[in-house]
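Colleague: Residue numbers (the working numbering): 1372 to 1649.
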Amino acid sequence: MGLIIPSKNVLLTMKRSGQARRLSRFCLAAWPMVSLVSERVAVRVGAGFRRPTKAQVALLARAWSSALARAGMAASEVDLYVQRSREPNAFAAGGRSVAVTTGVLAKFQARRLGEEYLVAILTHELGHHVTRATKFALVTMWLALPWRFASRLVIVIGLATVGRRQPLRLLGLVALAGVAVAVVQAVQQRQWAVAVVLSAVAFCAMACPLADAAVSRRSEYAADRYAADVGVAPQLAGALQVLVGMQRRRAGLVARLLSRHPEMGRRIEALGGAPGRV
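(1) Can you tell me whether DSSP reads Leu-1451 as helix, strand or coil?
(2) Tell me the DSSP secondary structure of Ala-1438 in three-state form.
(3) Label Glu-1448 either buried or exposed according to how many other C-beta atoms from any shown protein chain fall within 10 Å of its C-beta, with 16 as the threshold for buried.
(4) My understanding is that Arg-1415 touches Val-1603, with C-beta atoms under 8 angstroms, so please give their C-beta distance in whole angstroms.
(5) Taking Gly-1485 as the reference, give the member of Met-1635, Gln-1556, Val-1412 and Leu-1607 with the closest Cα.
(6) Please look up how many angstroms separate the CB atoms of Leu-1642 and Ala-1599, rounded, as I've assumed it's under 8 angstroms.
(7) Relative to the C-alpha of Phe-1574, which residue among Val-1586, Glu-1591, Val-1554 and Arg-1589 is closest?
(8) Using the C-alpha atoms, what's the distance from Tyr-1592 back to Ser-1630?
(9) Can you give me the Cβ contacts of Ala-1470 inside the same chain, cut-off strictly under 6 angstroms, excluding the 5 residues immediately before and after it?
(10) In the DSSP assignment, find the unbroken beta strand (DSSP E) run with Val-1471 in it and report its ends.
(11) Using 10 angstroms around the beta-carbon of Gln-1618, count the other beta-carbons present and answer buried if the total reaches 16, otherwise exposed.
(12) In three-state terms, what does DSSP make of Arg-1421?
(13) What do you get for Val-1490, buried or exposed, if any count of 16 or more other CB atoms within 10 angstroms of its CB means buried?
(14) Assuming contact is defined by CB atoms lying nearer than 8 angstroms, are Arg-1467 and His-1499 in contact in what I supplied?
(15) According to DSSP, is Ala-1504 part of a helix, a strand, or is it coil?
(16) Which first and last residues belong to the beta strand (DSSP E) in which Ala-1463 is found?
(17) Which residue comes first and which comes last in the alpha helix (DSSP H) that contains Met-1577?
(18) Suppose contacts are defined by Cβ-Cβ distances below 8 angstroms. Is Leu-1439 in contact with Phe-1479 by that definition?
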């Protein structure tokens, strides 16, 4: 048999394919680092998360360690942040970010929030990551942001036009009526493109925030169930009551549909009620 000698083009193709394989391997190896850096930038810019100070780290250390142990996670798997806000709250974002507000830290430092309650709050936030509810939360939040802005803009215009004392339901009806009139006029004038665009924008302005809020509420319930599964349901219910209190004033239909969190009373009831206050 004769010796088959590859041509110059074949050798070049083989060389390029080898380079392509090395490039693909590099991309696969580098992607986790790129994703990690992107998330850290996103939560800082988009949500105002900041690394805790040494004093805040010391304050959170025991509760954070307990929550990680409950979730079976290592400290290297999650980034802990603090958000500057007087409102007592906590958040989970992206694939590995958890944050508490300075309001939570203030209540904890003032002994108005027990350590077992803080552990329950942190466990709930870790539950978002365990259930993978936050994996695409940053993306959906950014996608829904323009439509949430559009909805708020419509409300502001409605308040300026109809009056501040009018309920949101009436403002919504006024906005829908205005869009409907504009679409009808566009159809009558045979401006089909305008009619389609107006209809699509109106639909997205209503549907996107509603869908985003509904998904967020379901993820909250899922994280609550996770916290209950690892044994901190009573503590989480008590923490919710301490931080926010029972919402005696029932929110309106529009506010409930657009809210990213379920009603506090329902969450506490699902967790089995709250123990005595700290």
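The beta carbon of each residue, even a glycine, is placed where N, CA and C say it ideally should be.
The structure presented is a predicted model; accordingly, all values stated were derived computationally and were not measured.
Modeller: Walking through what the data contain:
(1) Note: Leu-1451 maps to strand in three-state DSSP.
(2) Correct three-state label for Ala-1438: helix.
(3) In this structure Glu-1448 is exposed. Its beta-carbon is surrounded by fewer than 16 other beta-carbon atoms within 10 angstroms.
(4) About 29 angstroms separates the beta carbon of Arg-1415 from that of Val-1603, a gap too long to meet the 8 angstroms contact definition.
(5) Minimum Cα distance to Gly-1485 is reached at Leu-1607.
(6) Contact between Leu-1642 and Ala-1599 holds, since their C-beta atoms are separated by about 6 angstroms, short of 8 angstroms.
(7) Minimum Cα distance to Phe-1574 is reached at Val-1554.
(8) Their backbone Cα atoms lie some 14 angstroms apart in a straight line.
(9) Closer than 6 angstroms at the Cβ level, and outside the excluded window around Ala-1470, lie Phe-1420, Tyr-1452, Gln-1454 and Phe-1462.
(10) For Val-1471, the uninterrupted beta strand (DSSP E) run begins and ends at 1468-1472, by DSSP.
(11) Because the pLDDT at Gln-1618 is just 47, under 50, the model does not fix this residue reliably, and the point stays unresolved.
(12) Three-state DSSP puts Arg-1421 in a strand.
(13) In this structure Val-1490 is buried. Its beta-carbon is surrounded by 16 or more other beta-carbon atoms within 10 angstroms.
(14) No, Cβ-Cβ distance for Arg-1467 and His-1499 is not below 8 angstroms.
(15) Three-state DSSP puts Ala-1504 in coil, outside helix and strand.
(16) That run of the beta strand (DSSP E) goes 1461-1464.
(17) It spans 1563-1600 - the alpha helix (DSSP H) in which Met-1577 sits, taken as one unbroken run.
(18) At a Cβ-Cβ threshold of 8 angstroms, Leu-1439 and Phe-1479 do not count as neighbours.
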